[in-house]
Structure formats: C-alpha cells, structure tokens
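See structure below.
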Amino acid sequence: KNAHFRYTVALGEIAADSARGIDQSLLNEVATCDYIRHGYPIIITGPTGTGKSWLASALGHHACLCGYKVRYYNVMKLFEELTMARIESRLPKLFERLSQYDLLILDDFAIKKLTAEQVLDLMEIIEDRHGNKSTIFASQLPVANWYETLDSNVSAADAILDRVVNTASRFTLKGDSLRKKTLTLPRQICNSMAVFAVTVCSVFTTKYSNLIEEIDKQEEVKEQKANLDNELQLLKQAISNLHDSIQKVEKA
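Going by our numbering, the sequence shown opens with residue 4, and the numbers climb by one from there.
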C-alpha cells in the first residue's frame, strides 16, 4: 500500500512471451532480485498498452514480497512533488527519502520534455542511487530518443543516460495493446449475462403462465364443485319435500 503501485499484480501473472518482448530467462533473472542487491536499473519501453506499467508494478510487488522497500511514481507527479518541496523548503529531505528506497519505479518516464531544473532534480535522484539502489524506468519512448527530452541541460542529460543506460537490463515490449484484449472479457461476460437473463426470464414467464393456467383450472373446478353442491342441496330439499308429501298422503 505504501508503495502506491499503479496495479496490484504478482510477478507470476506475467507470462513470458518472446513475441511481446518478455524473455523467460530475463524474467527468471529479475525474480532473484539480484538487480536490486547490486543497484542495477531496469528499463521497460514499448508502445501504449503493451504492459509497461503492469510489468513495472509486478516487479515492484515482487520486490516488496522479498523484503525490499519500494516506491512507485508517475514521473510527472514526482516532479510536482519536487516543486512543492522546493517551495516549502523541504527539498533536501525529499531527496534523502527518495535515496532510501531499495527500488524506485519511475513510470511514464520521458513522456514530455523536461525543464533544465527538472533535469537537474532527476540528476540528483539518479546520482544518489547510482550503484547502490535500483531504479525502474518505464517509457513509451525508445531509449534512443530519451536525450531529446533531457537536452535542456546537456551536461546533466549525458550524466543521467551514462548512469542509467549502460548498466540496465531491458524489456522492450511490443505487439498490440493489451487494453483492447482486456475489454474483450467484460464484453463476453456482459453478453453471457444478457443471454442468461433472457433465458431465465423466458423460463419464469413460462412457469408463471403455467401456474396461472393451473390456478384458472382450479378456480373452474371450485366453481363446478360449488354448483354441484348447490344442486345437491336442492336435490336433498326436493327429496325432503317429497318425503313430507308422502307422509301427509298416508295419514289422510
């Protein structure tokens, strides 16, 4: 909970698929958490919807289970937090806190061009963690294009990329958006539920109609019985009257 992951997902839920850029041997390697113990970074790149945040969250969750202290950030929200910390004169404390995480996940990295101040802040974070703590970078942008988002401060950009790119393990994801596939299951479920609802309604409608018909028949039987009871009473009365008449005749 304190890690603020974007998704709750276990590493075991990540299926190795070389066609999508998820190599089984690399998955096995990161599952050991050796990259955290050695302070190596991981870079996850790929188009929108290919599962970058999903994989990053899974790695972070696994690290938590292994006893490591982890923090997940959308990188632009991190810069917002850094800006507020600078205004409130608590920036050194925030840098110190960021340096203490065994694994720091920066999602949506290089999504837009950074200001010179933001590049320097990023350099401070990377410098504090380099060789000691691990950082995961998840980005839509290929690594070859990262420099363009950092070149507002050329010296810092060179230093950042030198520390991150050269020692990082990489997942280069590819393929169609998983979000399209994710939407298929709810649609199938909804369709199945709709068919089920129609079927249930049909069954209950039939049962209700049969019940009403049976009740009608019972009402008809009751009515016939009532008529027979009335006729029986009339017959009994007629027999009684006939009996009385016979007795009168005999007495006369």
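Just so it is clear, CB atoms sit at the ideal spot from N, CA and C, and this is done for glycine as well.
Whole-number beta carbon distance between residue j and residue i, since they are thought to touch under 8 Å
{"i": "M79", "j": "D111", "result": "7 Å"}
{"i": "T11", "j": "S180", "result": "That pair is no contact at about 21 Å."}
{"i": "L14", "j": "H64", "result": "7 Å"}
{"i": "T48", "j": "L176", "result": "7 Å"}
{"i": "H7", "j": "R74", "result": "7 Å"}
{"i": "H59", "j": "I108", "result": "Just to set this straight, residue 59 is Ala in the shown sequence, not His. About 5 Å; that satisfies the 8 Å criterion."}
Inter-residue Cα distance where the pair is residue i and residue j
{"i": "Y71", "j": "L106", "result": "7 Å"}
{"i": "C67", "j": "A18", "result": "20 Å"}
{"i": "W149", "j": "E91", "result": "30 Å"}
{"i": "D247", "j": "K239", "result": "12 Å"}
{"i": "F140", "j": "A22", "result": "21 Å"}
{"i": "E216", "j": "A229", "result": "20 Å"}
{"i": "A171", "j": "A88", "result": "29 Å"}
{"i": "D20", "j": "R93", "result": "44 Å"}
{"i": "R257", "j": "S142", "result": "Residue 257 is absent from the structure shown; the chain starts at 4 and stops at 255."}
{"i": "W57", "j": "K116", "result": "24 Å"}
{"i": "Q221", "j": "D232", "result": "16 Å"}
{"i": "L29", "j": "F174", "result": "8 Å"}
{"i": "K225", "j": "I218", "result": "10 Å"}
{"i": "G54", "j": "I25", "result": "10 Å"}
{"i": "Q227", "j": "I242", "result": "22 Å"}
{"i": "E16", "j": "C36", "result": "17 Å"}
{"i": "P95", "j": "T86", "result": "12 Å"}
{"i": "N3", "j": "N135", "result": "Beyond the ends of the chain as shown, which are 4 and 255, falls residue 3; an answer cannot be given."}
{"i": "Q250", "j": "Q236", "result": "21 Å"}
Bridge partner(s) assigned by DSSP for residue i
{"i": "L107", "result": "R74, T138"}
{"i": "S172", "result": "I45"}
{"i": "D20", "result": "I25"}
For residue i, the nearest candidate out of the options (CA to CA)
{"i": "A119", "options": "A147, F82, E216", "result": "F82"}
{"i": "G42", "options": "Y76, R166, R93, E216", "result": "R166"}
{"i": "E84", "options": "E16, L97, L29, V73", "result": "L97"}
{"i": "R9", "options": "L62, Q221, D161", "result": "L62"}
{"i": "V146", "options": "T86, I46, C69", "result": "I46"}
{"i": "P44", "options": "D37, S137, L94", "result": "S137"}
{"i": "I114", "options": "A159, M126, I128, L144", "result": "L144"}
{"i": "I129", "options": "S142, T53, Q103", "result": "Q103"}
{"i": "N156", "options": "V122, Q236, N135, R173", "result": "V122"}
{"i": "C272", "options": "D26, N77, Y38, T86", "result": "The first residue shown for the chain is 4 and the last is 255, placing residue 272 beyond what the model contains."}
{"i": "M126", "options": "K225, L164, P95", "result": "L164"}
{"i": "A160", "options": "I218, D124, N135", "result": "D124"}
{"i": "Y76", "options": "N31, E32, N5", "result": "N5"}
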